Amino acid sequence: MIAKSPNVAILALLMVACAIGPSPTTPAHSETAKPPESPSTSVPGAPNDHTGSEESEEEATSDSEDDSASSEKKKSKPGRIVLKTVYDDRRVGDEQRQAIEAEMGLVEDEELLEYVRSVGIRLLRHAPPRPFDYEFKVVDQRVPNAFALPGGKIYVSRGLLALIQSEDELAGVIGHEITHAAERHTAARIDYARRINPFSIGLFRAATIAAYGREQERDADRGGQILAARAGYNPAGIATFLRKLDAADRYEIGWSRLPHFLATHPTSPERSSLASERASGLKWERQPGIADDLRFAYYSMIDGLILGDNPAGGLFEGSRFVHPDLRFSIRFPEGWTTINSQQAVGAVSPSRDAEATLTVEGRGTDIAKVVDDFIENEVDGTRVKVRERREIKLGELPAIRIEGRASSALVGLSVQMTFVAHEGLIYRLSVLSIASGASKYRGRARAFAHSFRPLDDEASRSLKVTRLRIARALENETLQALSSRTQNAIELVYTGVMNDLFASTILDKGTPVKIGLDEPYIPKPPEEEDPDTLEQPRTEPGE
Ligand SMILES: [Zn+2]
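Pasting the structure below:
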């Protein structure tokens, strides 16, 4: 996906610069430096937080009426966020939510959301009271991931839902995240700002949401298991989930580049067995599941979920990026590491001294004005100094190329940007490199821009989307045989992980098995003028 976000390219390159240069000093982050719009006392009647004995020492100042704490917070540390109270959690969580959701995107499937929400609410009845507006959402991420923002905003990814096999496992994961939020584990890391520091983020922003400590992970596992047991779920769910996650992580090495569950919730080899042991010591009584009482009822909830990349956000085929809804393709430099996040599409050179990005810079056809605006505005303290500006054509499309320099506090950057109008949007195709190595990348920057091509209808309809479907085993069928009979698009090993089965396992007749099927992708019709159409959920074909 790409959205208008002029600063991503430069942020990302600064991140690259950090990786090869001296470590930067922490700057004041403009978004987080703002004092709270309304003081935390604006929550009349919210329950006092001194309810549990499990609190950490930060709770000592949790009374929102505490003048000294809140005034210090407002005046003396403009660039930092200190989560002193539950009310700070709420505020920071609300601020973070927008950035995270813009970055990752949400799955807008009302039925699925309602389901996840229901499981969350059932667990919450047993959680320590907090003045949080808990929310449960599904992020549009292919990797298994789950996280909690301060103040009870809880997210699971579609990749996690695909890996999970039962409501018990889901309850274990959501209970784990509720515990992180309720126990205020983020607050225990005093300087939250460090983790959202723009120099540590760039295109990898989401990876830095919250890497908890091992201790906190153990607490969250235990807390989540207690919630699950009290809510009538098998508290061993988190243990079986963690085991699968370990296997999945070993299998799909590519995940290490993307934010995922194990990056934010550090694990240890014994964690799953520890959780398993703990579960056997917990008393619980099975309550009917929300999906249904049947063993594989959960599967009906995730049938149709997109696996892998969602073409709605555009996707990479090797170094070529294709966006079927916005109807263009572009080729990134060969061999560069590509990234497709909600806010930008980009690639980083192997030596991490250059990056190419594609962003939407504006609407309409007036490229010159968009370029003027762009040059005029400082982007995160960095101003582009233009040395050359010329009108060019990318194929048939009118475009403007600028070349020049940008300097930041850290490092001089060489900049080549091409602005091109296509079907109502103006795109910026940028290559930024460390100034000292600029000549190396000049040719590649031009080739990158000139590879921008409109996509015709036929090409945009030829893309496939892989959806999770449920197949039933035949008599004496192995997973391997089932996989080839159904033309399963998911590799056999990962299919095994998703189903907790081996390839050679002989299945009972009728056993439901999660597979992936390649189905035609139906592109969104070209955008109308009505801005409301932007907000509409994607249509789900084949349902
Ligand atoms: Zn965790």
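In this note's numbering, the protein residues as written are 32 to 574. Beta carbons: idealized from backbone N, C-alpha and C, even for Gly. Keep in mind that this is a model prediction, so the values were computed, not measured.
Three-way DSSP call (helix, strand, coil) for residue i in this model
{"i": "D549", "result": "strand"}
{"i": "R383", "result": "coil"}
{"i": "E506", "result": "coil"}
{"i": "Q266", "result": "The sequence as given places Pro at residue 266; Gln does not occur at that position. Here P266 sits in coil by DSSP."}
{"i": "V442", "result": "coil"}
{"i": "I465", "result": "strand"}
{"i": "K400", "result": "helix"}
{"i": "T210", "result": "helix"}
{"i": "E200", "result": "helix"}
{"i": "T298", "result": "coil"}
{"i": "A378", "result": "strand"}
{"i": "G312", "result": "coil"}
{"i": "P364", "result": "coil"}
{"i": "N341", "result": "coil"}
{"i": "L428", "result": "strand"}
{"i": "F327", "result": "coil"}
{"i": "L276", "result": "helix"}
{"i": "T526", "result": "helix"}
{"i": "H453", "result": "strand"}
{"i": "K555", "result": "coil"}
Among the options, the one whose alpha carbon lies nearest that of residue i
{"i": "A593", "options": "R436, I501, I257 and A480", "result": "This structure gives no information on residue 593, because the portion of the chain shown stretches from 32 to 574."}
{"i": "H211", "options": "L258, P175, K495 and V174", "result": "L258"}
{"i": "L194", "options": "V402, G474, K184 and F292", "result": "F292"}
{"i": "H157", "options": "A133, A213, D164 and K184", "result": "A213"}
{"i": "I553", "options": "D164, R302 and D356", "result": "D356"}
{"i": "P162", "options": "V147, G182, L154 and I152", "result": "G182"}
{"i": "D403", "options": "L276, A378 and T449", "result": "T449"}
{"i": "R421", "options": "T396, Q447, E407 and S438", "result": "Q447"}
{"i": "S382", "options": "A375, V117, G366 and V391", "result": "G366"}
{"i": "A466", "options": "R128, D280 and S438", "result": "S438"}
{"i": "A387", "options": "A133, A478 and A278", "result": "A478"}
{"i": "P543", "options": "Y264, L523 and L513", "result": "L513"}
{"i": "V150", "options": "E132, R173 and G263", "result": "G263"}
{"i": "A251", "options": "H296, R261 and N265", "result": "H296"}
{"i": "A133", "options": "S372, E308, E139 and D120", "result": "S372"}
{"i": "G345", "options": "D549, Y118, P160 and L486", "result": "L486"}
{"i": "V417", "options": "Y472, I406 and E427", "result": "I406"}
{"i": "D119", "options": "T217, G426 and R309", "result": "T217"}
Residue environment, residue i, which counts as buried when at least 16 other CB atoms sit within 10 Å
{"i": "L505", "result": "exposed"}
{"i": "G255", "result": "buried"}
{"i": "L519", "result": "The question names Leu, yet the displayed sequence has Asn at residue 519. Its Cβ being crowded by 16 or more others within 10 Å, N519 is buried."}
{"i": "N408", "result": "exposed"}
{"i": "A242", "result": "exposed"}
{"i": "E454", "result": "exposed"}
{"i": "G395", "result": "exposed"}
{"i": "Q318", "result": "exposed"}
{"i": "K424", "result": "exposed"}
{"i": "Q247", "result": "buried"}
{"i": "K540", "result": "exposed"}
{"i": "N530", "result": "buried"}
{"i": "P556", "result": "exposed"}
Distance CB(residue i)-CB(residue j) smaller than 9 angstroms
{"i": "I269", "j": "G190", "result": "no"}
{"i": "L144", "j": "L336", "result": "no"}
{"i": "S380", "j": "S482", "result": "no"}
{"i": "E282", "j": "Q196", "result": "According to the sequence displayed, residue 282 carries Tyr and not Glu. No, they are not a contact pair."}
{"i": "A375", "j": "L389", "result": "yes"}
{"i": "I370", "j": "R484", "result": "no"}
{"i": "S535", "j": "T497", "result": "no"}
{"i": "A430", "j": "V451", "result": "yes"}
{"i": "I152", "j": "A179", "result": "no"}
{"i": "A322", "j": "Y146", "result": "yes"}
{"i": "P290", "j": "Q172", "result": "yes"}
{"i": "V26", "j": "R459", "result": "Residue 26 lies beyond the range of the chain shown here (32 to 574); nothing can be said about it."}
{"i": "R358", "j": "S491", "result": "yes"}
{"i": "V170", "j": "I205", "result": "no"}
{"i": "P266", "j": "L305", "result": "no"}
{"i": "P364", "j": "V353", "result": "no"}
{"i": "S303", "j": "R245", "result": "no"}
{"i": "S307", "j": "I501", "result": "no"}
Residue i beta carbon near ligand 2 (any heavy atom closer than 8 angstroms)
{"i": "A251", "result": "Questions concerning ligand 2 fall outside what the structure shown contains, since the ligands it does hold are ligand 1."}
Original post:
Can you give, in chain order, each stretch of the beta strand (DSSP E) that sits fully within the segment 131 to 190 and has at least 3 residues?
Top reply: 166 to 170, 177 to 180 and 184 to 188
4 or more residues per run - each alpha helix (DSSP H) lying fully within the segment 466 to 492: 469 to 481 and 488 to 492
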